[in-house]
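Asks: Structure provided below as structure tokens; questions to follow.
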Amino acid sequence: MTDYQTIMVNGKIACVWDGRTAHCKKCNTAIGWGITTNNKRMPFDLVQLDPTKPRYEAHWANCPNRDDFRRVEKPKQSEGLHDR
Ligand SMILES: [Zn+2]
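The following block contains the structure:
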């Protein structure tokens, strides 16, 4: 069953999330994978920042191994990781 919803990551990055969860391979934190409007995968922490809104924080902001995300996802230099 898929239950798509639009969520907001870091307060400004709209993502579509199919509701599936996973665990970060590096730190074992529970995360979800959203898809941004640019069709990029966005890992986010499953902690809902606002109980009334689907707001989450990007996992790489908290992951102790965030450099690994940089290598895997290869975001453009002009946007992404340092834009938080
Ligand atoms: Zn992690």
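Residue numbers (the numbering used here): 49 to 132. Cβ coordinates follow ideal geometry from the N, Cα and C atoms, glycine included.
Suppose contacts are defined by Cβ-Cβ distances below 9 Å. Is Asp69 in contact with Pro102 by that definition?
Replies: Going by the sequence as given, residue 69 is Thr instead of Asp. In this structure, Pro102 does not lie closer than 9 Å to Thr69 by Cβ.
Asks: I'd like to confirm the pairing. Which residues does DSSP put opposite Trp81 in its beta bridges?
Replies: Pro91
Asks: Please classify Gly67 as buried or exposed, where buried requires at least 16 neighbouring CB atoms within 10 angstroms.
Replies: exposed
Asks: Relative to ligand 1, is the shortest distance from any of its heavy atoms to the C-beta of Thr77 smaller than 8 Å?
Replies: yes
Asks: CA-CA distance, Cys63 and Asn113?
Replies: 22 Å
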